[in-house]
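First to last, the protein sequences are chains A and B. Just so it is clear: in the first sequence, position 131 is 131 by UniProt numbering, and no numbers are missing. Just so it is clear: in the second sequence, position 44 is 44 by UniProt numbering, and no numbers are missing. These notes concern the structure reproduced below.
2 protein chains.
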Amino acid sequence: MNDVTLKKIAEILGISITTVSKALKNYPDVSKKTKKAVLDLAEELHYTPNSFAVNLRTKESKTIGLIIPEVVHHFFSSVINGIIDEAEKNGYLVIILQSNESLALEKKQVDLLLNKRVDGIIMSLSNQSNFDNHIKEIIARGIPLVLFDKISKLINCSKVIIDDQKAAFEAVEHLILKGCKKIAHIRGPINPQNAIDRFLGYKKALEHYNIPFDPTLVYPCLHVTFDEGKSFAKQIIETHKDVDGIFVITDLVAVGVLAYFNEVQIKVPQQVKVIGFSNWFMSQVIAPKLSTVDQPSHEMGVQSFQLLFEEMSHKKNETPFTPRTILLETSVIERESTKKP
Amino acid sequence: MNDVTLKKIAEILGISITTVSKALKNYPDVSKKTKKAVLDLAEELHYTPNSFAVNLRTKESKTIGLIIPEVVHHFFSSVINGIIDEAEKNGYLVIILQSNESLALEKKQVDLLLNKRVDGIIMSLSNQSNFDNHIKEIIARGIPLVLFDKISKLINCSKVIIDDQKAAFEAVEHLILKGCKKIAHIRGPINPQNAIDRFLGYKKALEHYNIPFDPTLVYPCLHVTFDEGKSFAKQIIETHKDVDGIFVITDLVAVGVLAYFNEVQIKVPQQVKVIGFSNWFMSQVIAPKLSTVDQPSHEMGVQSFQLLFEEMSHKKNETPFTPRTILLETSVIERESTKKP
Numbered sequence: 001m002n003d004v005t006l007k008k009i010a011e012i013l014g015i016s017i018t019t020v021s022k023a024l025k026n027y028p029d030v031s032k033k034t035k036k037a038v039l040d041l042a043e044e045l046h047y048t049p050n051s052f053a054v055n056l057r058t059k060e061s062k063t064i065g066l067i068i069p070e071v072v073h074h075f076f077s078s079v080i081n082g083i084i085d086e087a088e089k090n091g092y093l094v095i096i097l098q099s100n101e102s103l104a105l106e107k108k109q110v111d112l113l114l115n116k117r118v119d120g121i122i123m124s125l126s127n128q129s130n131f132d133n134h135i136k137e138i139i140a141r142g143i144p145l146v147l148f149d150k151i152s153k154l155i156n157c158s159k160v161i162i163d164d165q166k167a168a169f170e171a172v173e174h175l176i177l178k179g180c181k182k183i184a185h186i187r188g189p190i191n192p193q194n195a196i197d198r199f200l201g202y203k204k205a206l207e208h209y210n211i212p213f214d215p216t217l218v219y220p221c222l223h224v225t226f227d228e229g230k231s232f233a234k235q236i237i238e239t240h241k242d243v244d245g246i247f248v249i250t251d252l253v254a255v256g257v258l259a260y261f262n263e264v265q266i267k268v269p270q271q272v273k274v275i276g277f278s279n280w281f282m283s284q285v286i287a288p289k290l291s292t293v294d295q296p297s298h299e300m301g302v303q304s305f306q307l308l309f310e311e312m313s314h315k316k317n318e319t320p321f322t323p324r325t326i327l328l329e330t331s332v333i334e335r336e337s338t339k340k341p
Numbered sequence: 001m002n003d004v005t006l007k008k009i010a011e012i013l014g015i016s017i018t019t020v021s022k023a024l025k026n027y028p029d030v031s032k033k034t035k036k037a038v039l040d041l042a043e044e045l046h047y048t049p050n051s052f053a054v055n056l057r058t059k060e061s062k063t064i065g066l067i068i069p070e071v072v073h074h075f076f077s078s079v080i081n082g083i084i085d086e087a088e089k090n091g092y093l094v095i096i097l098q099s100n101e102s103l104a105l106e107k108k109q110v111d112l113l114l115n116k117r118v119d120g121i122i123m124s125l126s127n128q129s130n131f132d133n134h135i136k137e138i139i140a141r142g143i144p145l146v147l148f149d150k151i152s153k154l155i156n157c158s159k160v161i162i163d164d165q166k167a168a169f170e171a172v173e174h175l176i177l178k179g180c181k182k183i184a185h186i187r188g189p190i191n192p193q194n195a196i197d198r199f200l201g202y203k204k205a206l207e208h209y210n211i212p213f214d215p216t217l218v219y220p221c222l223h224v225t226f227d228e229g230k231s232f233a234k235q236i237i238e239t240h241k242d243v244d245g246i247f248v249i250t251d252l253v254a255v256g257v258l259a260y261f262n263e264v265q266i267k268v269p270q271q272v273k274v275i276g277f278s279n280w281f282m283s284q285v286i287a288p289k290l291s292t293v294d295q296p297s298h299e300m301g302v303q304s305f306q307l308l309f310e311e312m313s314h315k316k317n318e319t320p321f322t323p324r325t326i327l328l329e330t331s332v333i334e335r336e337s338t339k340k341p
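Have a look at this one:
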C-alpha cells in the first residue's frame with residue numbers, strides 16, 4: 001500500500017525510469033544533483049527497492065538459516081551471537097529456528113528454510129537427528145551447509161567442532177592428577193556425537209592411567225538439566241560412597257551437582273572433586289567455583305558463518321568447494337572444585 | 001542451478017502447466033493419481049515453489065523481524081523462545097538481529113528489515129533509543145510494530161510490558177515489611193523506560209512508608225553486569241555501613257551482590273536483605289537463594305507475536321486496527337535472601 005514504483009519518481013521529476021534506477025544504484029553517469037533529487041523523493045515517498053524482485057534477478061536472498069536445539073541455553077545463545085554478528089558484517093540476515101531436540105520439527109524447519117530460498121544453512125543437530133533425508137535434501141539441492149557442535153560424522157559437509165574426546169580426556173586426566181581414584185561420569189544422552197565422544201574421552205583417560213572402567217559409574221542425562229545434576233549427585237554418593245571425582249557433561253548439570261553437595265554438606269573439593277564442561281560464566285560465580293573445560297562458543301559461531309560464507313562465494317562464482325572441518329582449541333580451567341585440599 | 005520449472009514437470013508428464021500448478025496446491029479438481037505423479041516428480045527433481053515469486057503475488061513474506069539488545073541474556077533468550085515458538089505455529093519465520101544497545105546499529109537493522117519486506121517487526125529498544133526517525137519510518141510505512149519490555153511511551157504502537165513501577169514498589173515494600181529501614185537501589189542505566197519506572201517504584205515505596213529518600217543510595221549500572229553488582233555491593237557497604245536492604249535492577253546483578261557479600265562474609269539476610277528482578281533460574285540455585293520479582297519472559301514473547309499477528313491480519317484484510325498495550329502480571333517471590341532471621 002506504501003509501494004511506490006520507479007515510474008512515479010520518474011514522472012514527478014520528469015526524467016527517465018533508467019535514470020531513476022541508476023541514481024538509486026549510485027551509477028557514476030548520473031549527476032549529483034539528479035541523484036540527490038531522486039534520493040530525496042524516494043525517501044519522502046517511503047520507497048523501498050523491491051527486494052523480492054531483486055532476489056529473482058540475482059538468485060541470492062542474502063539470508064541464511066540457523067537451526068539449533070534451543071535458544072535458551074548459554075552455549076547456543078553465545079554461538080548465535082557470534083553467527084549474527086559475523087553475518088551482519090557481511091550483509092546477511094539470519095533466520096533462527098529451534099528444533100527443541102525434535103527430529104520432526106527439525107525436518108519441518110529445513111523444509112521451511114529451503115522454501116524460503118536461504119543462501120545457506122547452519123545447524124546443530126537435535127539429539128534424535130542423524131544423516132536423514134532432510135539433510136540429504138539440503139546437500140542434493142547444492143545449498144551450502146555447515147554443522148557445528150552437534151554434528152554427524154556421516155554427513156559430508158563443512159563442520160566447526162572441538163575435539164570432544166581429547167577435551168574430555170584432559171578433564172578426566174586433570175581429576176586423576178589431582179588424586180582422584182574413583183571417577184563417575186554424568187554423560188549426555190545416548191545419540192549425539194559430542195556426548196559419545198566425551199564418554200570415550202573419559203574411558204580413554206581411565207585406561208591410560210590404569211583405572212578400571214566401571215559402567216555403573218556412568219549416568220546418562222535425558223534432558224541435560226540442573227535438576228538431573230542434583231538427582232545424579234544423590235544417586236552417585238548413595239550408591240558409591242567412595243567416589244572422589246565426577247566429570248560432568250556440561251556446567252549447568254555440574255552446578256546442579258554442586259548445589260546438592262552443598263545441601264547435604266559433602267565437601268567439594270575435599271571429599272569429591274567436580275569438573276564441568278563449557279565454561280559457562282556462572283561457573284566462576286558459584287561457591288565453590290567450578291573447574292571446567294573452556295569451549296569457545298562465540299568463536300564457534302564466527303567460524304561457522306565464515307565457513308558458510310566461503311562456500312556460498314564458491315557457489316556464486318561456480319568454483320568447486322571441498323567441505324572442511326575446523327577444530328577449535330579447548331583448555332582445562334582449574335578453579336576451586338578440583339583444587340588439592 | 002537446481003531450479004526446475006513447472007514447465008518441465010508438465011512436459012515430462014504430458015499434462016498442462018495449470019494442472020501441475022493445481023496439483024502442487026492440492027486443488028480438488030485434480031485427480032489423486034495426477035497429484036501423486038506430480039508430487040513424486042517434483043520431489044525427485046528437488047523442485048521448490050519459487051517463494052519470491054509467490055511473495056510478489058501475495059505481498060506477504062511470512063517473515064517477521066525481531067530486534068533485541070542482546071541474545072546472550074537469559075531474559076531475552078527466553079522471550080525469543082516464546083516468539084519463535086508462536087511464530088512457527090502460525091507459519092511465520094523470524095529474522096533475529098541484536099542491536100548490542102547501539103542506536104546506530106538499531107537504525108541499520110530497521111532499514112535491513114524494511115528492505116527485506118518483513119510483514120511485521122517486534123522490538124525491544126536499545127538503551128540509546130527513543131522515538132527516533134527509524135521507528136517513525138516503520139509506522140509511516142504501515143508495517144505492524146510491537147514493542148516489548150524496553151519501550152518508549154512516545155511511540156504509538158502495540159506494546160507488551162509489565163508494570164515496572166508497581167513491580168518495583170512491591171519488591172521494595174517486601175524489604176520494608178521484612179524490617180529494612182535503609183534501602184539502597186542498584187538501578188539500570190538512565191535512559192530506558194523500565195529502569196526509570198523501577199526507580200520510581202522504589203521511590204514511591206519509600207515515600208509510602210515514610211522512609212526519607214536519599215539519592216546517594218542510588219547506584220546506576222552502565223552495562224548491567226555481574227561485575228557491577230560486585231563492585232556496587234562493595235561501594236554500598238563501605239559508604240553506608242548501616243544499609244540493611246538492597247533492591248537490584250535484575251537478578252544477574254543481584255547475584256554479583258551476593259557473591260561479594262559471600263566473599264567478605266557479610267551475612268544475607270541477617271545483616272543485609274537483597275531482592276532482585278526477573279526470576280532468572282539461577283536465582284534459586286545460588287546460596288543464599290535470591291528473592292526476586294517474577295517477570296513472565298516466555299509469555300511476553302508469545303503475547304508479542306500474537307499482538308503482531310492480530311495487527312498483520314487487520315492489515316491484510318484492510319480493517320482498522322488500534323494499537324493495544326498488554327500488561328503482564330508480576331509477583332514477588334520470597335526466598336532466603338530476604339527471610340527474617
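Glycine included, every Cβ here is placed at the ideal spot set by N, Cα and C.
When C-alpha distances from A/S102 are compared across A/E88, A/I95, A/E70 and A/G120, the shortest belongs to A/E70.
Within the region 220 to 233 of chain A, those residues whose Cβ lies closer than 7 Å to any Cβ of chain B are, in chain order, F226. Rounded to the nearest whole angstrom, the CA to CA distance from A/A195 to B/K107 is 42 Å. Residue-level contact by beta carbon holds for A/A259 and chain B, with a gap shorter than 7 Å. B/I155 and A/S77 have their C-alpha atoms some 29 Å from each other. If you draw a straight line from the Cα of A/L177 to the Cα of A/D244, it comes to about 12 Å.
Between A/F247 and A/Y202, the C-beta gap is smaller than 7 Å, which places the two residues in contact. Apart from the 5 residues on each side of it in sequence, B/K316 sits with its Cβ closer than 8 Å to the Cβ of E60 in its chain, given in chain order. Residues of the region 277 to 289 of chain A with a Cβ closer than 9 Å to any Cβ of chain B, in chain order: F281, M282, V285, I286 and A287. A direct Cα-Cα distance of roughly 48 Å separates B/T5 from B/N130.
Judged by DSSP in its simplified three-state form, B/A287 adopts coil rather than helix or strand.
Within the region 146 to 195 of chain A, the complete beta strand (DSSP E) segments of 3 residues or longer fall at 158 to 162 and 183 to 187, listed in chain order. Using a Cβ-Cβ cut-off of 7 Å, A/S78 counts as an interface residue toward chain B, since at least one Cβ of chain B sits closer than that to its own.
Taking 7 Å as the cut-off, the Cβ atoms of B/V218 and B/R187 count as close. If you draw a 10 Å sphere on the C-beta of B/R117, you find 16 or more other C-beta atoms in it, and that means buried.
Buried is the label assigned to A/T19, since at least 16 other Cβ atoms lie within 10 Å of its Cβ.
Ranked by Cα distance from A/E310, the first of A/N191, A/I121 and A/V224 is A/I121. In this chain, the alpha helix (DSSP H) harbouring B/K22 covers I17 to L24. With a 10 Å radius around the Cβ and a threshold of 16 neighbouring Cβ atoms, A/H208 comes out exposed. Annotation: B/I67 is outside any alpha helix (DSSP H); the continuous beta strand (DSSP E) that includes it extends over T63 to I68. Using a Cβ-Cβ cut-off of 7 Å, B/N81 counts as an interface residue toward chain A, since at least one Cβ of chain A sits closer than that to its own.
Under the Cβ distance rule, A/V268 does not count among the residues neighbouring chain B, no pair being separated by less than 7 Å. The C-beta of A/I246 comes no closer than 7 Å to any C-beta of chain B. Buried is the label assigned to B/D149, since at least 16 other Cβ atoms lie within 10 Å of its Cβ.
Annotation for A/M282: no beta strand (DSSP E) segment contains it, and DSSP assigns it neither H nor E.
Nearest Cα to B/L308 within the set B/L206, B/T325, B/T34 and B/A254: B/T325.
Around the Cβ of B/K25, a 10 Å sphere holds fewer than 16 other Cβ atoms; the residue is exposed.
Those residues of the region 111 to 123 of chain B placed with their C-beta closer than 7 Å to a C-beta in chain A are L112, L114, N115, K116 and R117, ordered along the chain.
Sixteen is the threshold: since fewer than 16 other Cβ atoms of the shown chains lie within 10 Å of the Cβ of B/D111, the residue is exposed.
Contact between A/K136 and A/L147 fails: their C-beta atoms lie close to 14 Å from each other, not under 8 Å. A distance below 8 Å between beta-carbons, with the five flanking residues on each side excluded, links B/V302 to the following residues of its chain, in chain order: G82, I83, D85 and E86. Collapsing the DSSP output to three states places B/L328 in a strand.
With contacts defined as CB atoms closer than 7 Å, A/A254 and A/V274 qualify as a contacting pair.
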